[in-house]
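A short worksheet on the structure shown next.
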Amino acid sequence: MKLRILVADDHEVVRRGLCTLLQGHEGWEICGEAVDGRDAVEKAKALKPDVVILDVGMPNLNGLAATRQLMQHDAGYKIIVLTITDADQVIREALDAGARGFVLKSDAARDLVSAVEALQRNRMFFTPRVNEMVLAGFLDKGHIGGKNEPPSLPKLTAREHEVIQLLAEGKSSKEVACVLNLSTKTAETHRSNIMRKLGFHSIRDLVVYAIQNNIIQVQTSQVTPTETSMHS
Amino acid sequence: MKVRILVVDDHPVVRRGLKSLLGSHSGWEVIDEASDGAEAVDKSGQLIPDVVVLDISMPKMSGLEACRLIRKNTPASEVLIVTQHDSPQMMREAGAAGARGYVVKSNIGRDLIRAVQATSEHQPFGWDQDRTARSDQKSSDLI
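Chains S and G supply the protein sequences, listed in that same order. If you read the first sequence in our numbering, its first letter stands for residue 730, the second for the next number, and so on. If you read the second sequence in our numbering, its first letter stands for residue 10, the second for the next number, and so on.
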């Protein structure tokens, strides 16, 4: 029986590249493709894939939030997150969300097949940077990230994280309500609670927070030889 | 005769995706790929592709510099920029560098096939969003 894989990335060319890469492996098949985190969660629940590959920087619901939702729904999901950065915070959130594989997009052609093979054997797959961080955390205090862990942020619910992403992407409370199937009043209440908890007074503050905490990702217009964005 | 295409992007997965999308079109052939601007210039000189599908942000040599050199050294090859940069300034720079077409990566599903079709016929593509870029494109045609 073939290993069934769901691939989620908002860029068609990247999805296509990932699919052709994985389809070339004997015994694997792409059972579905998703264009954002919300689509990925729905399709993962419907299709029950053996492995889910989630881009972190997707609109509507990012890959980390999608990972959290899926793991809350069923802790048996095997999820690999794809990211453009292995910054400490992204690693920490991916592990905390329950991802079992962590692959840099720039290395996907080299590492993704190995990562899926690892999960197929019920193992985990991380980049050397993640392994170092996990080990450092273990040796330090038994916590991932150890003493480098940033100061704790106000506790937000998963729903509030979803609302933050949608607001930071420029959606109004009414649009947020529509996407999340809530009443506008409930969406506005979430918005008020978020602003109060974080001590913010403007959407600008919220957007900055969302960028700093990798809830949304912004593309740069600058051209630099060292830029590593997959979508450059 | 098939349209011969050179695909240039520093990310292997993106190259793979582009090759898959372009390879599904009958009458087109992806003849090779390159992972940076310098390699793109070299391979364009050797292979003289009809269309170079060229990323902008790449190591060693940016796509804009590569575009200038390709257009100078291999004028028979048209350049289609495929980039994440959705800005009038970048479009102007690409037009000034001699690119014939401009596609933003988030619109690839909608635009790539039409853009390659147009550029392979030496027609401009993707400049309508910005008049200055289009005028730069026309200027570059005269060079």
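Glycine is no exception: its CB is placed at the ideal position from the N, C-alpha and C atoms.
To the nearest angstrom, how far is it from the Cα of Val88 of chain G to the Cα of Gly36 of chain G? 18 Å
Give the interface partners of Ile117 of chain G over in chain S, defined as CB-CB distance under 8 Å, in chain order. His740, Glu741 and Val742
Establish whether the CB of Val23 of chain G and some CB of chain S are separated by less than 8 Å. yes
For Glu236 of chain G, report the span of its beta strand (DSSP E) as first-last. Shown here, chain G extends from 10 to 152; a query on residue 236 of chain G therefore has no answer.
Could you give the first and the last residue of the continuous alpha helix (DSSP H) run that contains Asp963 of chain S? With chain S represented from 730 up to 961, any question about residue 963 of chain S goes unanswered, as that position is not in the structure.
Distance between Val908 of chain S and Arg925 of chain S (C-alpha atoms, nearest Å): 23 Å
Within-8 Å CB hit, Thr749 of chain S to chain G: yes
According to DSSP, Gly830 of chain S sits in a beta bridge with which residue or residues? S:Ile809 and S:Phe854
Is there at least one Cβ from chain G nearer than 8 Å to Gly746 of chain S's Cβ? yes
CB contact flag (Ser53 of chain G, Thr83 of chain G, <8 Å): yes
DSSP bridge partner residues for Trp757 of chain S (one or two, in chain order): S:Leu732
Can you give the Cα-Cα distance for Gly874 of chain S and Arg920 of chain S, rounded to whole angstroms? Below a pLDDT of 50, predicted positions are generally treated as unreliable, and Gly874 of chain S, at 49, falls in that range; the measurement from the model is reported next regardless. C-alpha separation (whole angstroms): 30 Å.
Please classify Ile14 of chain G: does DSSP put it in a helix, a strand, or coil? strand
Can you pull the chain G neighbours of Lys834 of chain S, defined as C-beta to C-beta under 8 Å? His20 and Val22
Beta-carbon proximity check, Val819 of chain S vs Val785 of chain S, cutoff 8 Å: yes
I need the DSSP call for Leu790 of chain S, collapsed to helix, strand or coil. coil
Just the Cα atoms here: how many angstroms apart are Ser44 of chain G and Ile923 of chain S? 44 Å
Which residues does DSSP list as the beta-bridge partners of Glu762 of chain S? S:Val736
DSSP three-state assignment for Gly26 of chain G, whether helix, strand or coil: helix
Can you list the residues of chain G that Ala837 of chain S reaches, using a CB-CB cut of under 7 Å? Val22
Inter-stretch contact at 8 Å, needing at least 3 Cβ pairs: the segment 14-24 of chain G / the segment 732-752 of chain S: yes
Can you tell me whether Glu956 of chain S is helix, strand or coil according to DSSP? For Glu956 of chain S, the predicted model reports a pLDDT of 34, less than 50, meaning its position is unreliable and no value from the coordinates is stated.
Near Val859 of chain S, what residues of its chain come up, given a Cβ to Cβ distance below 6 Å and the 5 sequence neighbours on each side ignored? Ile820 and Phe831
Using 8 Å as the threshold, is the C-beta distance between Val91 of chain G and Val62 of chain G below it? yes
From S:Glu846, S:Thr856, S:Leu732 and S:Arg767, pick the residue whose C-alpha is nearest to that of Thr814 of chain S; which is it? S:Thr856
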